[in-house]
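Chains as they are written, first to last, in this note's numbering: chain F, 159 to 379; chain S, 2 to 212.
All C-beta atoms, glycine included, are put in the ideal place defined by N, C-alpha and C.
Given the structure is predicted, the values throughout are model-derived calculations rather than measurements.
Worksheet for the structure shown next.
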Amino acid sequence: MTALLAILKRDLRLALRQGADTLVVVLFFVLTVTLFPFGVGPEPDVLARIASGVIWVTALLASLLSLERLFQTDYEDGGLDLLVLAPVGLESMVLAKCLAHWLTTGVPLIVAAPLLALFLDLPADGLGGLLLAMLLGTPTLTLVGAIGAALVLGARRGGVLISLLVLPLYVPVLIFGVAAVDGAVAGFPMRPHLMVLGGLFLGALVLAPWASAAALRQAVE
Amino acid sequence: MALLEAQDLVCVRGERTVFAALSLALEPGEALVLSGPNGSGKSSLLRLLAGLLRPAAGRILWQHSLITDDPQAHRGRLSYVGHQDPVKPVLSVRENLTFWTRLKGGADRAVSHALERFGLLALADVPGRMLSAGERRRLNLARLLSAPAPLWLLDEPTVGLDKGSVAALEAVLAAHRAQGGLLLIATHLPLALAGASELGLARFASTEAAA
Chain F
159 MTALLAILKR DLRLALRQGA DTLVVVLFFV LTVTLFPFGV GPEPDVLARI ASGVIWVTAL
219 LASLLSLERL FQTDYEDGGL DLLVLAPVGL ESMVLAKCLA HWLTTGVPLI VAAPLLALFL
279 DLPADGLGGL LLAMLLGTPT LTLVGAIGAA LVLGARRGGV LISLLVLPLY VPVLIFGVAA
339 VDGAVAGFPM RPHLMVLGGL FLGALVLAPW ASAAALRQAV E
Chain S
2 MALLEAQDLV CVRGERTVFA ALSLALEPGE ALVLSGPNGS GKSSLLRLLA GLLRPAAGRI
62 LWQHSLITDD PQAHRGRLSY VGHQDPVKPV LSVRENLTFW TRLKGGADRA VSHALERFGL
122 LALADVPGRM LSAGERRRLN LARLLSAPAP LWLLDEPTVG LDKGSVAALE AVLAAHRAQG
182 GLLLIATHLP LALAGASELG LARFASTEAA A
C-alpha cells in the first residue's frame, strides 16, 4: 500500500511540476470545441443539436494526447525496470498510475465540459447527464488507453500508433456517453446509458491493469 | 551452502543464442565478477537473475526453490542497477530516492544515510535535472543502501564515477558482503573486491550460431 501511494504521489507531483500535460489537454479540448461554430456556422439550433457529440469526440481526442507519456518517461529513463522489479503487483502499480493520470487529465476535462456545453448552447437539462456520463466515461478512457500506451513502448512514433490502437476501443464510451446526454435533453431516462457506462468502467477496471502489466513485462524484456 | 544457483542457463536474444550451458552458485558474502567482451551476455545474465528476462532453458534457484515460484519474493530480495539512471528531472535528489525507497518498502530515515554515503547529502534539495552524469549514477547507487536487499545485481556501476566515488562504492560493496550479502557485478574497471571470483562469459558463447 505504501508503494502504491508512493507511485500516486510521485506521478501527481510530476504532473503538477511539469504542468504542461494537463494544460495541453484542457487547451486542446477548449480550442477544438471552439472551432466548431466557425466550421458549421453559428446557428444555435445546429450547435445545440451537435453539442453532445462534439464535446465527447473532442474529449476522446484530448485524452489521447497525454496517453503517450503515461509509461514513456519511465521506459526511457530505465525506471520501468525498477517498477517491474518492485515487490508489489505490477497490476496494482498500473492502477495507481492510471488513477494519477485520470486525476490530472480526466478531471480537468470534466471540469471544462459544462463550460463548453453552455458555449454550444446545450440545453440545461443535458448538463447533469453530461457530467455524470463523463465522470463514468473518462476513467474508462484512461484505463483502456493505458493498454495502448504500454503496448507501443519502444515503437517509433508511438503516439500515432496509440491513436490507431485505442480509438476503436473508445467507440462504446462515445456511443453511450452521447446517448446519455441526448436522452436527458429529449426527456428520456439516462439511467440505462449511465449503467452501461458504469459497466464498461468496471470491465476496464478489471481487464486493463492486467493487460497493461503484461505489455509492460514484454517491454522490459 | 549456495544461496543463489543457476543451472544450465541458455539465453536467446532475438534469433541469437548469447550463451548456453551456464551454471553458477553463490554463497552468502560471495562476489562474482562477470567479464567478457561486449555482447557476451553480461547484462542479459544479470537481467535473467533479476527475473526481467526468462531463460530459454535452465533453472535459477534461491535456497533450492525456483525464483519463478514466488517472483514477488524474489523481487523483494534483490537490488538491480542497470545502465540507465532513473532520475526524474523535476524531482529533488531526496524525492527521487525516497520514491524508490518506499517502492521497495524501505524506511524514509535510511534515505539520508544513503545519500551521505554517496556524498549527495549537500545536493539533497537540488532537482534531478541539475545533476551531472556521475551524480545521477551515485543517486542510482544510493538505492542499494536505502532499501537493503541480500542480492545485488550491478551492471557497470562505475560508469561516470570519479575516483573518490569508486572508493566509496568499494567500501559499500565490502560492507554488504561482510553482512552476508551476495554480489554479482559486471565491470570493465578493476574494482577492489577481496576474494571475488570471476566468471568469463566468453567461454559459454554458443557455437551453434555459426552453423
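- Secondary structure at Ile268(F): helix, using DSSP grouped into helix, strand and coil.
- When beta bridges are read from the DSSP output, Ser80(S) appears opposite Trp153(S).
- In the three-state reduction of the DSSP assignment, Ser166(S) falls in the helix class.
- Contact between Ile61(S) and Leu49(S) is confirmed by a C-beta separation of about 7 Å, below the 8 Å threshold.
- Per DSSP, reduced to three states, the secondary structure at Val34(S) is strand.
- Measuring C-alpha to C-alpha distances from Gly237(F) to each of Arg144(S), Ala176(S), Met131(S) identifies Arg144(S) as the nearest.
- Scanning its chain for C-beta atoms nearer than 8 Å, with the 5 sequence neighbours on each side dropped, one finds around Leu219(F) the residues Phe186, Thr190, in chain order.
- The beta carbon of Gly135(S) sits closer than 8 Å to the beta carbons of Gly161, Leu162, Asp163, Ser166 from its chain, once the five residues preceding and following it are set aside; these are given in chain order.
- Annotation: the continuous beta strand (DSSP E) that includes Gln8(S) extends over 5 to 14.
- Under the three-state reduction of DSSP output, Leu238(F) falls in the helix class.
- Gly237, Leu238, Asp239, Leu240, Leu241, Val242, Leu243, Ala244, Pro245, Val246, Gly247, Met251: these are the residues of the stretch 237 to 258 of chain F whose beta carbon lies less than 9 Å from some beta carbon of chain S, given in chain order.
- At a cut-off of 8 Å between beta carbons, Leu172(F) contacts chain S.
- Of the candidates Pro151(S), Ser93(S), Asp109(S), Ser147(S), the residue whose Cα lies closest to the Cα of Leu132(S) is Ser93(S).
- Taking 8 Å as the threshold, the shortest C-beta distance from Leu46(S) to chain F does not fall below it.
- Beta-bridge analysis with DSSP links Arg17(S) to Arg14(S).
- Residues of the same chain with a CB within less than 7 Å of the CB of Ala337(F), apart from the 5 flanking positions on each side, are His351 in chain order.
- Within the same chain, and ignoring the five residues on either side of Pro200(F) in sequence, no residue has its Cβ closer than 6 Å to its Cβ.
- For Gly201(S), DSSP records a beta bridge to Ser36(S).
- Contact check for Ser147(S) and Val173(S): beta-carbon distance about 12 Å, past the 8 Å limit, so the pair fails to qualify.
- Closest in alpha carbon position to Leu327(F), among Leu222(F), Lys167(F), Arg227(F), Ala270(F), is Leu222(F).
- Residue pairing by DSSP places Leu23(S) opposite Leu10(S) in a beta bridge.
- Not one beta carbon of chain F lies nearer than 8 Å to the beta carbon of Leu162(S).
- Neighbours of Thr160(F) in chain S, taken as residues at a C-beta separation under 8 Å, are given in chain order as Arg103, Gly106.
- In the DSSP assignment, Arg103(S) forms no beta bridge with any residue.
- At a cut-off of 8 Å between C-beta atoms, Ala164(F) counts as an interface residue with respect to chain S.
- Residue burial is scored here from C-beta neighbours: Ser224(F) has at least 16 other C-beta atoms within 10 angstroms and is therefore classed as buried.
- With a beta-carbon spacing of about 22 Å, Tyr233(F) and Ala362(F) fall beyond the 8 Å limit used to define contacts.
- Put simply, of Gly303(F), Leu166(F), Ala271(F), Leu261(F) the residue whose alpha carbon is nearest the alpha carbon of Thr192(F) is Ala271(F).
- Taking a Cβ-Cβ cut-off of 8 Å, Pro149(S) has no neighbours in chain F, whose nearest Cβ is about 13 Å from it.
- At a cut-off of 8 Å between beta carbons, His177(S) makes no contact with chain F.
- DSSP lists Val34(S), Leu155(S) as the beta-bridge partner residues of Ile186(S).
- Burial is judged here by how many other beta carbons sit within 10 angstroms of a residue's own beta carbon; Met2(S) has fewer than 16 and is exposed.
- With contact defined as three or more Cβ pairs closer than 8 Å, the stretch 362 to 372 of chain F and the stretch 300 to 315 of chain F are in contact.
- Put simply, of Gly59(S), Val19(S), Ser24(S) the residue whose alpha carbon is nearest the alpha carbon of Ser41(S) is Val19(S).
- When the beta-carbon positions are compared, Leu104(S) and Leu121(S) stay at least 8 Å from each other.
- Straight-line measurement puts the Cα of Val339(F) at about 7 Å from the Cα of Met348(F).
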